[in-house]
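What follows is a short report on a single structure.
Protein chains: 2
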Amino acid sequence: MHGLMQNWQLTVDKVLDHAAHNHGDREIVTREVEGNVTRTTYKALHERAKMVSSALKEEGIKLGDRVATLAWNTARHMEAWYGTMGIGAVLHTINPRLHPDQVAWIANHAEDRILLFDTTFLPIVEAAKSQFKTIEKFVILTSRDNMPDNSLGAVSYEDWIKGKSPDVVWGDFDEQTACGLCYTSGTTGNPKGVLYSHRSNVLHTFITMGVDTLGMGAADVVLPVVPMFHANAWGLAFACPATGAKLVMPGADMSGKAIYELLDKEKVTITAAVPTVWLLLLTYLQENNLKLPHLRKVVIGGSAVPERILRAFEEEFEVDVFHAWGMTELSPLGTLGALPAHLVDAPHEQQMEYKLKQGRPPFGVELKIVDDEGNDLPRDGETSGRLVCRGPAISSAYFKGDGGEVLDENGFFDTGDVATLDQHSTMQITDRAKDVIKSGGEWISSIDIENFAVGHPQVANAAAIGIYHPKWDERPLLVVQPAPGEKPSKEDVLKQLEGKIAKWWTPDDVQFVDEIPLGATGKINKLKLREMFADYKLPTA
Amino acid sequence: MHGLMQNWQLTVDKVLDHAAHNHGDREIVTREVEGNVTRTTYKALHERAKMVSSALKEEGIKLGDRVATLAWNTARHMEAWYGTMGIGAVLHTINPRLHPDQVAWIANHAEDRILLFDTTFLPIVEAAKSQFKTIEKFVILTSRDNMPDNSLGAVSYEDWIKGKSPDVVWGDFDEQTACGLCYTSGTTGNPKGVLYSHRSNVLHTFITMGVDTLGMGAADVVLPVVPMFHANAWGLAFACPATGAKLVMPGADMSGKAIYELLDKEKVTITAAVPTVWLLLLTYLQENNLKLPHLRKVVIGGSAVPERILRAFEEEFEVDVFHAWGMTELSPLGTLGALPAHLVDAPHEQQMEYKLKQGRPPFGVELKIVDDEGNDLPRDGETSGRLVCRGPAISSAYFKGDGGEVLDENGFFDTGDVATLDQHSTMQITDRAKDVIKSGGEWISSIDIENFAVGHPQVANAAAIGIYHPKWDERPLLVVQPAPGEKPSKEDVLKQLEGKIAKWWTPDDVQFVDEIPLGATGKINKLKLREMFADYKLPTA
Ligand SMILES: Nc1ncnc2c1ncn2[C@@H]1O[C@H](COP(=O)(O)OP(=O)(O)OP(=O)(O)O)[C@@H](O)[C@H]1O
Ligand SMILES: Nc1ncnc2c1ncn2[C@@H]1O[C@H](COP(=O)(O)OP(=O)(O)OP(=O)(O)O)[C@@H](O)[C@H]1O
Ligand SMILES: [Mg+2]
Ligand SMILES: [Mg+2]
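Chain order of the listed sequences is A and B.
End of the first sequence sits at 541 in full-length UniProt numbering; the numbers just go up one at a time, nothing left out.
End of the second sequence sits at 541 in full-length UniProt numbering; the numbers just go up one at a time, nothing left out.
The following block contains the structure:
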């Protein structure tokens, strides 16, 4: 027997419809790629998104066709999103920090038919142009006046949607319909295509809106520094219209100065980004003796939150830090660091210790850790194992199957992360499965070593990798990028780790490099690092 | 093309699984029907709910079978819920405030096979016993020691689940499967059966968790005074385990003293009930000079919030009042009164004016007002019309079809309420369609007149009904129940309305009664009131 409730399909067009009808005059503020700040409303954005739909239909775009963007967070980018998704086409966000060859490879793999991009990215598109196999049309997200010279026959976005009808039917298809395509960062290998459905995006939106998740209300002002090409700006491009929160879009300028200006002038209450962006902001704030009186919550994820960033926000700026762990395959939120009940009145240091961990799963994310044979491991906060998960906004496969099988026989997705879970389901990432250092049959967490190493003031960045050892199989080597102008010694750095990690975890050596290689999302590229040290031999070997 | 995301069915057993795994030691505190206070945890409740499932299976209960409860909010009631729903049987909450004949009628209509009930309701069950046609077994929600004498052959709940296996598979059926059955209050006619699906309950849970909806987090302590037999305690019986909030269950005692004690001792942060309950509490607080330092949010709905209740909470007790409008058919939340952005810094009086309205719809509830021909009416805050709505947790039909067709050709459900909407979608109920007074072709809002009339200190309750008038078709009669020991005059009462309502809305007469008849959920029973005044003639007629 079925319930007798309405058949209301979970499609993302309803999110923007909701915003236009109920929060029509709430603003979307954009720092344009040209530098000036513009303002629109959900009502106006909704109408222009419908015009995008008409323009796409005129190009022959149909249900399931892929439309790509190479774009910053702006109101136009949002219009393009909803205009595409609303008619059941698939919005493919390409990460512009990839090499042009990779951009072309991804666009071809996705079989994108149209590419919309910001003027900033013209050089990438020109460089990749000869390799694109499926793109029929290039649209530059700007007005006619700002159109750059190009060899693509590109049209300006404003010209393209001008005069198009805003009367287009949205939705009206199954909620399982594909909605968005986003490739993983390619940190551990080739990027894999994650194909979101309307249903998964709407359910993730609901998850995002919870108090202990991102938790914004209609009166909030949200600045997603995290780009829309990183797994839907962690869901904010949906959750903000769904709640009626005002959106502040930072465009191309991630400098501390530019972000501070927006946070301050627009009275931003919630913001989200990866740690590296916050380092820039914090440096700017400290150098200029500035405060953040309006900001109440900063969400930090994508890689582990360094302690100095956590403390600066919490202690100097009195902003609540929500550490978040997620993956492209999780839409992306997996855990968040809202304080659990038993820590709300706990001493500050205990709270900070908790907030360095990755947090707890919201309803809609099932987490557990397993050993290599797939057996459940205890939630004791000590045992670490492969982190696997289930939920309505978690991948079941990659686009075209390229990335392999990802579910076990119980439907759990293998995250490729190694973690501990405690009795309250507080999760702590100890490593990537591919980065774990296996010494004498035991695991050493590269992330732990790195986190403590970067606590040294003379260290800008640090990475631990496993190096062959005749007796122990692998032993850790610590690679250090010194802070500008600094020359830390091996002993200095190792001293920093003393007493913080188990003695047998101590790296067998420290090597200094000018720059630790980073991937397209700012994470350490250990593949490349391992290549750099392919011929290296440990002094202990 | 479909997205490639996991097929994770939205079934409510996952809600309690989530609580047990991730918030296992959070408490559920119950004031037992016997008066003592007991404590359990989500983990223990989960295990006992599974034992209920085993007990039900032994009784031969299968997917789709109905299991009924006549019960207060207690941990046992929750166990019975999840134990029933987890195996795909349908939990039917019967309103114990109904007459025994109605209880029997509803149980027969639902074809309930098992009835679980609190000792308090034994007299009702005994009285209805001879009329029950389908109930095979009676279970009393208590221990063997507390079992009352009865002629039902009833078993004690604790005996019934004792030794039963907690190893039962939950879920594993389609999310459209029927999950709960709840009849409407019967204010305007016969109660109608609303059949919730697992999907609708889970989606409503997500809606409930939003900051501007009920918005609880894991650190909150929630006291649902609103009973589980009123549309799932407004969703709290799902939303609290979904977030890990501590639950405080008030059992049978709704007195100001009992509720205050729980609010205070358990440090409740969020609570919800109908206005009449809050009147009792406020009187008790004022008489005993008490404060509510922990409480931060009180949700009030089911009927319009009287101004004195709003002001007492907001001004004397500094608690944020969320006015809520809902219906059994909406699972039940439709609108909530979180302040919109433009009023957050507005003068207090403007905020109070807003909070007397019913609020705005969250994402997942589409609202509009239409005229009698179904044409959309403007959102100008003035025009009133029939309120219709759409959403994934809104009825498409009543159980067995008894209640008629409810959707229009666009899938909108007719609420039977008459309301205005403003440009921000702020909704204000002006009347029930059946209660609207039609004077000279124009509508007079009975609710408005009543709300102002009860503002008079000598008035305990007031109801406006339309009475036949030869010239105007109908004119309003105001029926007043004086406050204990008071004797207000007709002139006094009408003076109270002066300047607050349009002159032509002024009732043509005021009649005094000892008691205004109320229905099973404490709402004014206008059907009965109209019967009482069937022979009455207006002095102006
Ligand atoms: N708060 C965090 N702490 C530690 N690691 C994190 C955190 N948030 C995210 N990560 C890491 O980022 C990964 C997800 O990143 P993303 O989906 O962008 O691609 P990627 O895993 O870096 O790339 P690829 O899958 O292509 O190798 C997680 O699996 C985890 O390893
Ligand atoms: N905040 C509120 N202000 C005014 N009226 C409200 C409010 N909340 C609920 N109501 C009224 O309660 C109704 C829903 O109540 P419920 O589902 O319990 O059954 P009922 O409508 O009273 O009974 P029946 O449908 O059997 O006549 C709404 O349609 C509305 O008329
Ligand atoms: Mg990955
Ligand atoms: Mg009704």
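The beta-carbon is built from N, C-alpha and C at its ideal position, and this holds for glycine as well.
| Check | Outcome |
| --- | --- |
| Residues that DSSP places opposite Leu518 (chain B) in a beta bridge | B:Ile524 |
| Alpha-carbon spacing of Thr506 (chain B) relative to Tyr183 (chain B), whole angstroms | 36 Å |
| Whether Val454 (chain B) touches Pro482 (chain B) by CB criterion (8 Å) | no |
| For Leu295 (chain A), the nearest candidate out of A:Asp264, A:Thr69 and A:Glu498 (CA to CA) | A:Asp264 |
| Residue from B:Arg432, B:Thr119, B:Ala419 and B:Gly374 whose Cα sits closest to the Cα of Glu409 (chain B) | B:Gly374 |
| Nearest-angstrom Cα separation, counted from Leu262 (chain A) out to Gly449 (chain A) | Looking at the sequence provided, one finds Ile at residue 449 (chain A) rather than Gly. Taking the straight line joining both Cα atoms gives about 35 Å. |
| Any chain A beta carbon closer than 8 Å to Gln6 (chain B) | yes |
| DSSP three-state assignment for Phe313 (chain A), whether helix, strand or coil | helix |
| Closest residue to Lys162 (chain A) among A:Leu494, A:Thr142, A:Ala463 and A:Tyr354 (Cα-Cα distance) | A:Thr142 |
| DSSP state of Gly88 (chain B) mapped onto helix, strand, coil | coil |
| Whole-number beta carbon distance between Pro250 (chain B) and residue 545 (chain B), since they are thought to touch under 8 Å | The shown model of chain B, from 1 to 541, leaves out residue 545 (chain B), and the question about it has no answer. |
| Beta-carbon neighbours of Asp417 (chain A), restricted to chain B and to distances below 8 Å | Residues of chain B passing the Cβ test: none, with the nearest at roughly 18 Å. |
| Range covered by the beta strand (DSSP E) that runs through Pro392 (chain B) | Premise fails: Pro392 (chain B) is in no beta strand (DSSP E) and is neither H nor E. |
| Residues bridged to Phe138 (chain A) (per DSSP) | A:Leu115 |
| heavy atom of ligand 1 below 7 Å from Gly301 (chain A) C-beta | yes |
| Proximal chain B residues relative to Arg26 (chain A), where beta-carbon distance stays under 8 Å | Ala341 |
| Cβ pair Leu356 (chain A), Cys389 (chain A) closer than 8 Å | no |
| Pro250 (chain A): CB within 7 Å of a non-hydrogen atom of ligand 2 | no |
| In DSSP terms, what Asp431 (chain A) is bridged to | A:Val418 |
| The segment 186-194 of chain B touching the segment 338-350 of chain B, judged by at least three CB pairs closer than 8 Å | no |
| is_contact[Phe173 (chain B), chain D] using C-beta, thresh 8 Å | Protein chains A and B are contained in the structure displayed, whereas chain D is not. |
| Partners in chain A for Phe138 (chain B), counting only beta-carbon separations shorter than 7 Å | Correct list: empty, because the minimum Cβ distance to chain A is about 24 Å. |
| Residue(s) in a DSSP beta bridge with Gln358 (chain A) | According to DSSP, Gln358 (chain A) bridges with nothing at all. |
| Pick from B:Phe117, B:Tyr468 and B:Ala231 that is closest to Phe138 (chain B), judged by C-alpha positions | B:Phe117 |
| Where the beta strand (DSSP E) through Gly466 (chain A) begins and ends | Val459 to His469 |
| Ala258 (chain B), DSSP secondary structure in three states | helix |
| Beta carbon proximity, Ile106 (chain B) to chain A, threshold 8 Å | no |
| DSSP-derived helix/strand/coil call for Val225 (chain B) | coil |
| Top-ranked residue by Cα proximity to Ala107 (chain B), from B:Glu79, B:Leu122 and B:Val67 | B:Val67 |
| Nearest-angstrom Cα separation, counted from Glu175 (chain A) out to His46 (chain A) | 20 Å |
| Of the residues A:Ala231, A:Val222 and A:His230, the one placed nearest Ala245 (chain A), counting alpha carbons only | A:Val222 |
| Proximity below 8 Å, CB of Ile429 (chain A) to CB of Ile447 (chain A) | yes |
| Short Cβ contact (8 Å threshold) for Ile394 (chain A) with Glu329 (chain A) | yes |
| Listed by chain order, chain A residues near Thr177 (chain B) by CB distance under 9 Å | Met1, His2 and Gly3 |
| Pro306 (chain B) versus Leu247 (chain A) - alpha carbon distance | 36 Å |
| Separation of Ile467 (chain B) from Leu477 (chain B), as counted between CA atoms | 6 Å |
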